[in-house]
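Novice: Provided herewith is a single structure, encoded as structure tokens, for subsequent inquiry.
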Amino acid sequence: MNPQMINRRYLVTGASGYVGGRLVRALVEDARNVRVFLRDKSKIQGQPWAQEVEIFEGNANSFEDVNNALAGIHTAYYLLHSINLGPDFDKIEAQMARNFAQAAKAQGVSQIIYLGGIANDKKRSKHLASRAQAGTELASTDVCVMELRAGIVIGSGSASFEMLRHLTHRLPIMTTPKWVTNRTQPIAIRDVLWYLRKSASLEQPVSAIFDIGGPEVLTYADMMQKFAQISGLRKRWIIKVPVLTPKLSSMWIGLVTPVPTALARPLVGSLISEVVADPEKSIDALIPPPPEGLLNVEGAIRLALSRISEHTVETRWSDAGIATAPWQKAQGDPEWSGEVVLRDRREILSPLPASKIWKEIEAIGGDNGWYGADWLWWLRGLLDRFFGGVGLRRGRRDPDYLRVGESLDFWRVEALESQKKLRLYAEMILPGKAWLEFTLQTVVGGTLVTQEATFAPRGLGGQIYWFLVSPFHSFIFPTMLKNILKKSARK
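Read in order, the letters of the sequence shown correspond to residues 1 to 491 in UniProt numbering.
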């Protein structure tokens, strides 16, 4: 490493997100001095690099928090976005970027590196226009800003890839809007990380906009057919109709794929534009492509599918969470009200060792199911998606192992102690806050297994909700616990 880079300190924002989590790992592997800035440090506790970085917890909307996080930083990676925060996400993004730029100037930051979206088409979606505006706000001071603009990112766990994968797998015949014939230039997440990683090694600050894209330009329909061919599926019938607006398309995607409607809407909106890299904004003179070359679409899809089949998906689109989504803002009673807590608690003493029972508890959800009454869980997930929630289709990152901070269907892993405790926090739409916790305690005669569902209702409506669903709980929860122990005994 160049001696002048040894003392550089790097800040990565959005470290709990899809790109940020992978970038931190790459920088740590390169022996960089990394600080991460995020809203909730519990989201990264399960990451293998969590003990090797400095963690700064704060709010990106607070100038004071951002200013403190940037103290002593040489290069700051700006990987924040707010596309799932409602119709005013563009204003939120602009203000966040403006705060960041002003704080970076105040702290003497040398370089900001921003990952945005290709926006060369005059007909820009609100999402792409917002990403471009964020770049403009970041460059509003004299701090050098290197803006890398990418199109569709193909990688295991990315929202764009999950849309492509599930639409192609589940729909042999599709009626689609006209945007499926628009040109796009996708790029593999591996190559996005290559450019971000190499940006850390630049000897001098750079102030410029670069488009980064893969070696192929093709339509979204072509990508679907390539995916079908690679997956061993028959050619998909794609029927273009003029009446499917981005809003209707995103609602359909929200039902068919794991990606919620709120997130699908800006992604679909971006496909209205032709997302093709401008050769005049090439980055090759500054950072050459990887030695093995950029992955084409087929290579990127194959690599993503191999990561999924090998259960080596490092980060997912859902990792960042939805803590600030509209329905989360209203959860819980105000502090002054005296919060009511309702519980459903079950205990069983099992002769089995904790290690055997734990394997089944840690495997809960996703394709493994919820140990009985899965149709009721499916129905609850469908209801959640109908009202704009995440539903069950987020699934699991790995079929056997969990880590703190990751999503699990419509839950998030809030706490995990191997062979002792698993606590899940509900991210479904609810009139309150809910948790599901399993604890194992070794006692005389075996293992005491405790399963507890906890609900903190918001007002009278929340309490009524709890009592309405209690009859279902009286069937679901004891069935779940008994089946966990049955399966543990069989194995």
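Yeah, the Cβ is synthetic: ideal placement off N, Cα and C, and Gly gets one too.
(1) For the beta strand (DSSP E) that leucine 416 lies in, which residues bound it at each end?
(2) From the DSSP output, in three-state form, read off asparagine 99 for me.
(3) For proline 457, which residues in the same chain have their Cβ closer than 8 Å to its Cβ, ignoring the five residues on either side in sequence?
(4) Glutamate 52 to asparagine 33, Cα distance in whole Å?
(5) What separation, rounded to the nearest whole angstrom, lies between the Cα atoms of serine 470 and alanine 415?
(6) Would you identify the three-state DSSP class for glutamate 310, choosing helix, strand or coil?
(7) Where does phenylalanine 387 fall in DSSP's three states?
(8) Specify whether the region 126-145 and the region 220-229 touch according to this definition: at least 3 beta carbon pairs, one from each stretch, less than 8 Å apart.
(9) Pick out whichever of Glu147, Leu376, Asp400, Leu196 has its Cα sitting closest to the Cα of arginine 25.
(10) Tell me whether isoleucine 476 sits in a helix, a strand or coil according to DSSP, three-state version.
(11) How big is the Cα-Cα spacing for serine 160 and glycine 395?
(12) Can you tell me whether DSSP reads lysine 433 as helix, strand or coil?
(13) For my contact list, isoleucine 361 and leucine 424 are in at a C-beta cut-off of 8 Å; report their separation, rounded to the angstrom.
(14) Does the structure place the region 34-46 close enough to the region 55-62 that three or more beta carbon pairs sit under 8 Å?
(15) By how many angstroms is the C-alpha of serine 158 removed from the C-alpha of glycine 389?
(16) Measuring only the C-alpha atoms, how far is histidine 81 from glutamate 93?
(17) Going by the DSSP bridge assignment, what does glycine 446 pair with across the sheet?
(18) Around the Cβ of glutamate 347, are there at least 16 other Cβ atoms within 10 angstroms (buried) or fewer (exposed)?
(19) Does DSSP classify valine 143 as helix, strand or coil?
(20) Tell me the rounded alpha-carbon separation between isoleucine 209 and lysine 281.
(21) Whose CA, out of Trp358, Arg397, Asp409, Pro289, lies closest to the CA of glycine 369?
(22) Could you please give the first and the last residue of the uninterrupted alpha helix (DSSP H) stretch that includes aspartate 65?
(23) What is the DSSP secondary structure of aspartate 30, reduced to helix, strand or coil?
(24) Thinking C-beta only, is isoleucine 112 closer than 7 Å to alanine 76?
(25) Which of the three DSSP states, helix, strand or coil, is assigned to leucine 485?
(26) Can you give me the Cβ contacts of proline 399 inside the same chain, cut-off strictly under 8 Å, excluding the 5 residues immediately before and after it?
(27) Taking the beta carbon of glutamate 29 as the centre, do at least 16 other beta carbons fall within 10 Å, making it buried, or is it exposed?
(28) In the DSSP assignment, find the alpha helix (DSSP H) that holds serine 160 and state where it starts and stops.
(29) What residue ranges within the region 334-371 form continuous alpha helix (DSSP H) runs of no fewer than 4 residues, ordered along the chain?
(30) Helix or strand or just coil, what does DSSP make of tryptophan 179?
(31) Spatial neighbours of tryptophan 194 within its chain, please: C-beta separation below 6 Å, excluding the five flanking residues on both sides.
(32) Would you kindly check if the distance between the Cβ of valine 109 and the Cβ of alanine 150 is under 7 Å?
Specialist: Reading from the atomic positions:
(1) Numbered from its first residue, the sequence shown carries residue 416 at position 416. That run of the beta strand (DSSP E) goes 411-417.
(2) Residue mapping note: residue 99 aligns to position 99 of the sequence shown, counting from 1. DSSP places asparagine 99 in helix when its eight states are reduced to three.
(3) The residue labelled residue 457 in the question sits at position 457 within the sequence shown. Sequence-distant partners of proline 457 (beyond 5 residues in either direction) whose C-beta falls short of 8 Å from its own C-beta, in its chain, are Asp333, Val340, Leu342, Pro431, Gly432, Gln463, Tyr465, Trp466.
(4) Sequence index remark: in the sequence shown, residue 52 carries index 52 (1-based). Sequence index remark: in the sequence shown, residue 33 carries index 33 (1-based). Looking at the two C-alpha atoms, the distance is approximately 9 Å.
(5) Your numbering for residue 470 matches position 470 in the sequence shown. Your numbering for residue 415 matches position 415 in the sequence shown. Roughly 25 Å between the two C-alpha positions.
(6) What you label residue 310 is simply residue 310 of the sequence shown in a count that begins at 1. Coil, per DSSP.
(7) Numbered from 1 along the sequence shown, position 387 holds the residue referred to as residue 387. Coil, per DSSP.
(8) Output reads no: the region 220-229 does not touch the region 126-145.
(9) Translated into positions along the sequence shown, residue 25 becomes position 25. Among Glu147, Leu376, Asp400, Leu196, the Cα nearest to that of arginine 25 is on Leu196.
(10) Start at 1 with the first residue of the sequence shown, and residue 476 comes out as number 476. Three-state DSSP puts isoleucine 476 in a helix.
(11) Taking the sequence shown and counting its residues from 1, the one referred to as residue 160 is at position 160. Taking the sequence shown and counting its residues from 1, the one referred to as residue 395 is at position 395. Rounded to whole angstroms, the separation of the alpha carbons of glycine 395 and serine 160 is 16 Å.
(12) Here residue 433 is taken as the residue at index 433 of the sequence shown, counted from 1. Note: lysine 433 maps to strand in three-state DSSP.
(13) Taking the first residue of the sequence shown as 1, we reach residue 361 at position 361. Taking the first residue of the sequence shown as 1, we reach residue 424 at position 424. Not confirmed; about 11 Å, so no contact.
(14) yes
(15) The sequence position of residue 389 within the sequence shown is 389, counting from 1. The sequence position of residue 158 within the sequence shown is 158, counting from 1. Approximately 18 Å between the Cα atoms of the pair.
(16) Here residue 81 corresponds to residue number 81 of the sequence shown, with the count starting at 1. Here residue 93 corresponds to residue number 93 of the sequence shown, with the count starting at 1. Taken atom to atom, the span from the alpha-carbon of histidine 81 to that of glutamate 93 is near 6 Å.
(17) Counted from its first residue, the sequence shown places residue 446 at position 446. Assignment of beta-bridge partners to glycine 446 by DSSP yields Val443.
(18) In the sequence shown, counting from the first residue as 1, residue 347 sits at position 347. So glutamate 347 counts as exposed.
(19) Taking the first residue of the sequence shown as position 1, residue 143 is located at position 143. Assigned with DSSP and collapsed to three states, valine 143 falls in coil, not helix or strand.
(20) What you label residue 209 is simply residue 209 of the sequence shown in a count that begins at 1. What you label residue 281 is simply residue 281 of the sequence shown in a count that begins at 1. Near 7 Å, if we compare the C-alpha coordinates of lysine 281 and isoleucine 209.
(21) The residue given as residue 369 occupies position 369 in the sequence shown. It is Asp409.
(22) Sequence index remark: in the sequence shown, residue 65 carries index 65 (1-based). Element bounds for aspartate 65: 63-69.
(23) Counted from its first residue, the sequence shown places residue 30 at position 30. Looking at aspartate 30 - three-state DSSP - the assignment turns out to be coil, as it is neither helix nor strand.
(24) Locating residue 76 in the sequence shown gives position 76, where the first residue counts as 1. Locating residue 112 in the sequence shown gives position 112, where the first residue counts as 1. Yes, the pair counts as a contact, with Cβ atoms nearer than the cut-off.
(25) Sequence index remark: in the sequence shown, residue 485 carries index 485 (1-based). DSSP places leucine 485 in helix when its eight states are reduced to three.
(26) Residue 399 sits at position 399 when you count from the first residue of the sequence shown. Closer than 8 Å at the Cβ level, and outside the excluded window around proline 399, lie His311, Ala363, Gly366, Asp367, Asn368.
(27) Here residue 29 refers to the residue found at position 29 when the sequence shown is read from its first residue. Result: exposed.
(28) Reading the sequence shown from its first residue, position 160 is the one you call residue 160. 159-170 is the span of the alpha helix (DSSP H), which, as asked, contains serine 160.
(29) Unbroken alpha helix (DSSP H) stretches of 4 residues or longer found wholly inside the region 334-371: 354-362, given in chain order.
(30) Stepping through the sequence shown from its first residue, residue 179 is reached at position 179. Three-state DSSP puts tryptophan 179 in a helix.
(31) The residue labelled residue 194 in the question sits at position 194 within the sequence shown. Same-chain partners within the cutoff: Pro290.
(32) Sequence index remark: in the sequence shown, residue 150 carries index 150 (1-based). Sequence index remark: in the sequence shown, residue 109 carries index 109 (1-based). No, the pair does not count as a contact, with Cβ atoms beyond the cut-off.
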